């Protein structure tokens, strides 16, 4: 007879319900199995029944189940009626077999004493096939055919995951629970917009972690949910992924979960909006500190007059002065031992008070008690005060502000010396402290203005490094949000390498903040003074907001954006943690353990009041992180560390998978194209000369020692060489460069004439390099082109005398400086000279004067190194003023037309910008400041209003320019440095992105794309990457694609270009470029003096090949 069991809840304390496995069976011949009366109850299957199922199974699951039952590690059950139909030969197909684990009967042993279960092998086979969905658990086999792969106990291929792949596999937040809808937490009052469904789920998980945090088990174990309620009233149990043993929840130690986590949605998914919704949903709540042995009860100036001692400022250590100790190590000296009085006769020491005189106890009224209760449980905001009776409102002043007294740590032993123990007054508040990078301060303010009702949030913005912070009493009572930059916050820690000793004097330390939000919080994964200061703050709820928790997880996000829709490839072989993975695991430890204070790894030293030197030493339990998360594959072929890390990150991280976001909030199409351009003959010659210099360096240094560019100790020199090669794909020239080429020519010629001047194995490369350099030096056009240094523009006018009078080279090719001076003089003279002939003569005279002034000036040389600072074009407030009106040309006066430049890539980029700006805004990214400067000159020449966002500019100027580009229609183009312009900014007003050169790092390219392709975008986004044919830029594109298709670890994507072995080998073996026999010139035409709106131009798609 088979034992029956219940269907819904579970009252068998001997087993733990795990899930359902699907067994495919054929109908048997008539059976002699003895059955109960068929019904809807479930029955355990014994060995005889399992043998029969095994004989008719179309698979290999039943033998594993039979082995588990035989080893008394599990029990399995099946519906009585379905089993009866199968026995009678009337049922075939899928049987839903419930799997129950037999828990350990002994307490959890220490880590070193744990033993692997005898059934570990069977569990490794059956757990990936076990469906843990509650709907599948309660379903009957005949009613529902559930695929067990939908909700597996765990992913079978987890041991193949890299850290980035593990991050991508994290589940999206679950469906919103009904009780949150009832409290209207997901639609907070004051929020002017409606959240998307995935944002509601994120907000729900944030609220759940703050208001109902729950508990979790020992970090060596996994916290798992059973599909039904267990006898102890919960559905939680624990599983050891290393020993494959199960434990009941009441039988193991549990820890309170942290009230906070990491909000790490994809870039552009609206993380700032979710944070604002969280603030609004809990606006009326006030911080509630944990009153431990060093924190007094919440009191106030008014409450200290109450007769109850708990509201007074009594020292909690006052009752511990039971022994006088002066000898070392706490042992009394012989004289003290003889003369010591009994402990009962030692008078109780008087505790010091916070104030010099204790307030006299006054009359305690019911109104004061009600006011104190109100101030300690609710945020007394102005809208609440208006609804209170005047009797209560009259006493809700500064004296009623709640605070707690934070005392120094309790002494371990007491000496005769009376140490002055003074508590720190810490004010309770409803305020949220938000720390943001300087680049995002304006975006947060804009988001508040856009999504929150006017005057609802009381916001204090502290952005300047020298701004004063208000007193703690004002911070805690007068504001809902304190918005502060990372730099200003870090200044509170001190200017030296250690935390300042008087840190308690900072107003930030005298407030018990309800919430701390750090935007772009990946900066917390370090050990800077700012990070240490965060650990000392008194905060109830801690949140990190970032799309890039660590460097490895940057690439995980970037691969989704850069991919072509075929999905991110995964590894097909087992891998150990790489060096970069371990480095990022250490950064995760800083995020989770030190900042979020995850127990039990979080040590006690950070709780110590003002332990300024303790943060340099890891706590005695932080070392367990390496054992838990850093271990590799065990003897069973399993990887428990990855299971633990996945379980922990699933609980602490709030992240929607990219496909879920796109399903619920589809973005406009993203079109990517590679614009391949062919070099001109002069550009080919310059590129080949640079390649020849690399060849000569290898030949003369014999590819060894520090003279070799690619020596491991030559990183700075190699970076400079690679910058020059990159500039050669755009425009590389300068008088100093010409002199270097001449010296290299003379030196290699001299070495080749010596018997052993060049090693035999490098002689062929040296001869080829000499040939290329000699050919360039003998070309007079190339020499003039390089010596000039500046990009030249071809101008056209019926009277060439006008152009020649302004050109220092005496040709129709002029620099942007010469053309702009010509335009400025035209604007000055046209207002006074009405006659066309007279105006022409005046411009000729001004041109001659300009050339005379410039004759004695040395032609500028191009070092092509990134300057420390970059300035905007030399105009008086050009960006924030309205564009000036273009004066009409006098009758019979022909305009000067500018057709093209000597830079092929500049022509292509400028042509696309001119095509786009009438109807779109454009973002231009480059890693080279010189490229941005040349584009700026060209845009100024073409009268396209533009703005800069590059390193070296003051932050307030950057913020001003971004705000102007976003909100003012006349600014059509924003020139941005790739390194700093792609982080956190919302620039969805632009729909065209131009990458002036291939970006090697996936994360930087993803960040650049996500500035425009994000929530709020309504137009298709076009991303153009400009590449010069047959140069190293083409190789970068090919290598990036190969790395992506091969599933290269995302952490390795962050290597520099020369760190990649394939790219390093390609660059160390130079490849010469042949000038094309027929090259299509990219031309554009713009009037220099007249109205540019009257002129058309050729579309870029007709002049360049797009792949």
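Numbering (full-length UniProt numbering), first residue to last: 1 to 1107.
Glycine residues also receive a C-beta, built at the ideal position from the N, C-alpha and C atoms.
The model shown is predicted, which means the values in this text are computed figures rather than measured ones.
Neighbourhood of residue i by C-beta, 7 angstroms cutoff - its chain only, sequence neighbours within 5 removed
i: residue 804; result: 810
i: residue 335; result: Reliability fails at residue 335, whose pLDDT of 45 lies under 50, so the model's placement of it is uncertain and the value that follows must be treated cautiously. So no residue of the chain qualifies.
i: residue 255; result: 215, 216, 599, 600
i: residue 561; result: Low local confidence applies: a pLDDT of 49 at residue 561 is under 50, so the model's placement there is unreliable, with the coordinate-based value given in what follows. Answer for residue 561: 1006, 1009, 1010, listed in chain order.
i: residue 19; result: 99, 130, 131, 132, 137, 153, 227
i: residue 1108; result: Because the chain here runs from 1 to 1107, residue 1108 falls outside it and cannot be looked at.
i: residue 1034; result: 1027
For residue j and residue i, believed in contact at Cβ under 8 angstroms, the rounded distance
i: residue 647; j: residue 222; result: 5 angstroms
i: residue 191; j: residue 451; result: 6 angstroms
i: residue 1020; j: residue 798; result: Residue 1020 to residue 798, Cβ: 43 angstroms. No contact.
i: residue 219; j: residue 645; result: Not quite, the Cβ-Cβ distance comes to about 10 angstroms (not below 8 angstroms), so this is no contact.
i: residue 459; j: residue 519; result: About 15 angstroms; that fails the 8 angstroms criterion.
i: residue 70; j: residue 62; result: Wrong, their Cβ atoms sit about 12 angstroms apart, outside the cutoff.
Residue i, buried or exposed, once every other Cβ within 10 Å from all chains shown has been counted against 16
i: residue 288; result: exposed
i: residue 704; result: exposed
i: residue 368; result: buried
i: residue 1043; result: buried
i: residue 210; result: buried
i: residue 576; result: exposed
i: residue 471; result: exposed
i: residue 853; result: exposed
i: residue 1090; result: buried
i: residue 212; result: exposed
i: residue 378; result: exposed
i: residue 771; result: exposed
i: residue 1088; result: buried
i: residue 505; result: exposed
i: residue 956; result: exposed
i: residue 998; result: buried
i: residue 921; result: buried
i: residue 90; result: exposed
Proximal residues to residue i (C-beta, below 6 angstroms), its chain only, five neighbours per side dropped
i: residue 656; result: 172, 198, 265
i: residue 404; result: 289, 295, 296, 298, 426
i: residue 16; result: 101, 103, 237, 246
i: residue 989; result: 921, 966
i: residue 224; result: 237, 239
beta-carbon residue i near the ligand GTP non-hydrogen atom, thresh 8 angstroms
i: residue 290; result: No copy of the ligand GTP appears in this structure; indeed no ligand is present at all.
Boundaries (first-last residue) of the beta strand (DSSP E) holding residue i
i: residue 43; result: 42–44
i: residue 74; result: 74–79
i: residue 485; result: 481–485
i: residue 514; result: 511–519
i: residue 63; result: Per DSSP, residue 63 belongs to no beta strand (DSSP E); it is in the alpha helix (DSSP H), 62–70.
i: residue 24; result: 16–25
i: residue 794; result: 792–796
i: residue 676; result: 670–677
i: residue 773; result: Segment 763–777 is the alpha helix (DSSP H) holding residue 773; no beta strand (DSSP E) there.
i: residue 286; result: It is not in any beta strand (DSSP E) - residue 286 carries neither H nor E in the DSSP assignment.
Endpoints, alpha helix (DSSP H) assigned at residue i
i: residue 640; result: 640–652
i: residue 1078; result: No alpha helix (DSSP H) contains residue 1078, which DSSP labels as neither H nor E.
i: residue 689; result: 681–701
i: residue 845; result: 836–855
i: residue 625; result: 624–629
i: residue 809; result: Element bounds for residue 809: n/a, residue is neither H nor E.
Sequence-distant residues of the same chain with beta carbon closer than 8 angstroms to residue i, five excluded per side
i: residue 722; result: 1057, 1058, 1067
i: residue 865; result: The pLDDT assigned to residue 865 is 38, lower than 50, so where the model puts this residue is not dependable, and the model offers no usable value.
Scan the region 366–452 and note each continuous alpha helix (DSSP H) run of 4 residues or more that stays entirely inside, going in chain order.
366–377, 382–385, 390–393, 441–451
Which runs of the beta strand (DSSP E) at least 3 residues long sit entirely within the region 198–247? Give them in chain order.
215–217, 222–225, 236–240
Whole beta strand (DSSP E) elements within the UniProt domain "Helicase C-terminal" (909–1062), 3-residue minimum
922–926, 946–949, 973–977, 992–995, 1021–1028
Note down, one range per segment and in chain order, each alpha helix (DSSP H) of at least 4 residues found wholly within the region 81–120.
none
Can you check the region 717–755 for any alpha helix (DSSP H) of at least 4 residues that lies completely inside it and give the ranges in chain order?
735–753
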